[in-house]
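A.B. asks: I'd like to ask you about the structure that follows.
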C-alpha cells in the first residue's frame, strides 16, 4: 500500500478516519469494520468516491474510545460539520452532495 501525502481538512471525516487508523493501527481499524486496510485507507482520501456508512463510522469511533485514545474523532468531525452548516447562510456543498 502506498502512503498518501494528500492534505486533509482538519475536522473532516477523512482526517478523523486517519486519526483512528493511526491510533488503532491500520490492521485493527480495518478489522473493526471488516474491510481491507486499503479499503479503509481510501476513506481518508477526500477525492475518492468510497465513503464509510454510519455503522462503520460508529464502529471506528467506538473502538477508538474503547482503546482509551480519547474522544470519538469521527463524531467530533461530524459535529463540527453540522455546526458550520447551521451557522452558514446556505448548506456547504460537501454536505449537500
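Numbering (my numbering), first residue to last: 1 to 97. Backbone N, C-alpha and C fix where the C-beta goes; we use that ideal spot for every residue, glycine too. All values derive from a computational prediction rather than experimental measurement.
1) Name the residue from 37, 53, 73, 26 whose alpha carbon lies nearest to the alpha carbon of residue 10.
2) Using the C-alpha atoms, what's the distance from residue 83 back to residue 77?
3) Go ahead and pull the three-state DSSP assignment for residue 15.
4) According to the neighbour-count rule (16 or more other Cβ atoms, all chains shown, within 10 Å of its Cβ), is residue 19 buried or exposed?
5) Just the Cα atoms here: how many angstroms apart are residue 75 and residue 46?
6) Leaving out five residues before and five after residue 96 in sequence, what residues of the same chain have Cβ atoms less than 6 Å from its Cβ?
C.D. replies: For this structure:
1) 73
2) 10 Å
3) helix
4) buried
5) 17 Å
6) With a pLDDT of only 49 at residue 96, under 50, the local geometry of the prediction cannot be trusted, and the value read off the model is given with reservation. No residues qualify anywhere along the chain.
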